[in-house]
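Chemist: Residue numbers (mature numbering (1 follows the signal peptide of the UniProt record, and there is no 0)): -23 to -1, 1 to 436. Using N, Cα and C, we set each Cβ at its ideal position, and we do this for glycine too.
1) Within the continuous beta strand (DSSP E) that includes residue 253, where are the two ends?
2) Hey, residue 281 and residue 347: beta-carbon distance below 8 Å or not?
3) Under the three-state reduction of DSSP, which class applies to residue 383: helix, strand or coil?
4) Give every residue of the same chain whose Cβ lies closer than 6 Å to the Cβ of residue 81, excluding the five residues on either side of it in the sequence, and list them in chain order.
5) Under the three-state reduction of DSSP, which class applies to residue 41: helix, strand or coil?
6) Output the distance between the C-alpha atoms of residue 18 and residue 142, rounded to the nearest integer angstrom.
7) Any chance the stretch 105 to 117 sits against the stretch 153 to 170, with 3 or more Cβ pairs inside 8 Å?
8) By the three-class DSSP mapping on this structure, what secondary structure does residue 207 have?
9) Quick one: residues in its chain with C-beta nearer than 8 Å to the C-beta of residue 192, no 5 flanking neighbours on either side, listed in chain order?
10) What's the gap between the Cα of residue 5 and the Cα of residue 333?
11) Residues bridged to residue 303 by DSSP?
12) Going by C-alpha to C-alpha distance, which of 30, 83, 89 sits closest to residue 118?
13) May I have the straight-line CA-CA distance separating residue 232 from residue 376, to the nearest angstrom?
14) Between which two residues does the beta strand (DSSP E) holding residue 407 run?
15) Would residue 247 be called buried (16 or more neighbouring beta carbons within 10 Å of its own) or exposed?
16) Return the bridge partner residues of residue 398 from the DSSP annotation.
17) Opposite residue 313 in the DSSP bridges: which residues?
18) By Cβ distance, which residues of its chain are closer than 7 Å to residue 433, with the 5 residues on each side in sequence left out?
19) Taking one C-beta from the stretch 173 to 186 and one from the stretch 284 to 304 each time, how about it: are there three or more such pairs within less than 8 Å?
20) Following the continuous alpha helix (DSSP H) through residue 106, name the residue where it begins and the one where it ends.
21) Less than 8 Å between C-beta atoms, sequence neighbours within five positions excluded: which residues of the same chain meet that for residue 183?
22) Taking the C-alpha atoms as reference points, what is the distance between residue 40 and residue 366?
23) So, helix, strand or coil for residue 165, using DSSP?
24) From residue 351 to residue 278, what does the alpha carbon distance come to, in whole angstroms?
25) What residue does the alpha helix (DSSP H) around residue 354 start on, and which one ends it?
26) If you draw a straight line from the C-alpha of residue 354 to the C-alpha of residue 230, how long is it?
27) Using the DSSP secondary-structure output, state which residues sit across from residue 136 in a beta bridge.
28) Based on DSSP bridge pairs, tell me the residues matched to residue 296.
29) Mapping the DSSP letters down to three states, classify residue 239 as helix, strand or coil.
30) Checking 8 Å against the spacing of the C-beta atoms, do residue 257 and residue 379 come in under that value?
31) According to the Cβ coordinates, are residue 200 and residue 121 closer than 8 Å?
32) Distance, Cα to Cα, residue -6 vs residue 325?
33) With C-beta atoms as the reference, is residue 250 less than 8 Å away from residue 217?
34) Straight-line CA distance for residue 111 to residue 275?
35) What's the C-alpha gap between residue 28 and residue 72?
36) Can you find the residues in the same chain that come closer than 7 Å, C-beta to C-beta, to residue 177, ignoring five residues on each side of it along the sequence?
Dropping the structure here:
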């Protein structure tokens, strides 16, 4: 136990130490992992199960923040109002830094496994697959936050993010193209899936398995517009786990004080729908916010996703005076799950002349999200009608899963789904038009100051 604690403290020091390198997070302490067990400690880190991004949620059309919470000049406020300057020159970007920290850990494991001692070939192969799945996940988030949405016609020239594949942050790296980043993501996932020792599910929620790799692959292909690949990967994930929670089994511990908790609702990391578990501490970002009226008008108050997510009563059971129901974020689930795979498959079917089959999947899902008396079956006779229903259901089922911002970006390329976002704060109107440069987050000035070779995004 003492040895284990020493290794964990050394690993923590490796994560948190920093100096002036391209991302300002270069490890300094000398912890040299020599055995497979040493390297396993890095893959046991529960922080690998954290999504490590949240500010994009604040920028979507799914939440509202009242004026009183927007007084301070914080990144939260700047994000909500789509300010061109999101980060001051002295501020760190915790999202960028944390994801590259975890990528460093994955690279450290991958670079040392071949020479590590005292481990089995099966363990080495399994850990190789796990590290590559995690690395692919963080690169997908990074490129979608700090790069343009994927378009085949321009991906090879659109700037993405630096791609680091070895544990060496000393290099003055530059931004790889969006295509290069996606190519690496796909390579990591296909490499992982080819490893026979990768189990269907991991030993704990921190450890991904084949279900996680297929689920992430389906998400990646969807955002690339590769609908055939997305459907195939989604079906492969669903073949490994197709469990759906029935919200009809939920109940409030105290209906007079909904904030006291919900019977039958699992913690995010224990949700049986999860294929790739990802929680989100949010770094305080998602502390308090409310449902956007636009989302509420679509969701409605009979949907059990509304009933078990929002409340017009505060933590003491008193009515909330705000015009919007308040959202309690103590169980945000950023995981990739069975519902998302069903929605990806449904979208691919709708886009490929199978509207009836697409809507049938939606109905299977929706039956678990309404009381029987409130459930109405959906129908669609055309591809466009089915696609509209799929995208509507995607927004409702995946609300506060970290995907709405990415969806707005990709759907804005299609005139049918373009949307101008609007906020009114302290009698001032703020707007974000479709395809605005502000959909791509700026890279922290602090990072560019360390490495001028990293070009800034236009704002």
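Modeler: The short version:
1) 251 to 253
2) yes
3) helix
4) 144
5) strand
6) 20 Å
7) yes
8) helix
9) 210, 211, 214, 252, 253, 313, 314, 317, 318
10) At residue 5, the pLDDT of 49 sits below 50, so the modelled position is not reliable; the number obtained from the coordinates is stated separately. Each residue's alpha carbon lies about 58 Å from the other.
11) 267, 288
12) 30
13) 23 Å
14) 405 to 409
15) exposed
16) 409
17) 253
18) 419, 420, 425
19) no
20) 98 to 123
21) 20, 21, 22, 23, 25, 26, 254
22) 21 Å
23) helix
24) 10 Å
25) Counting along the chain, residue 354 falls outside any alpha helix (DSSP H), and DSSP gives it neither H nor E.
26) 30 Å
27) 154
28) 290
29) strand
30) yes
31) yes
32) Confidence at residue -6 is low in this model, with a pLDDT of 38, below 50, so its placement is unreliable and the value that follows should be read with caution. Roughly 44 Å separates the two Cα atoms.
33) no
34) 34 Å
35) 9 Å
36) 186, 187, 188, 217
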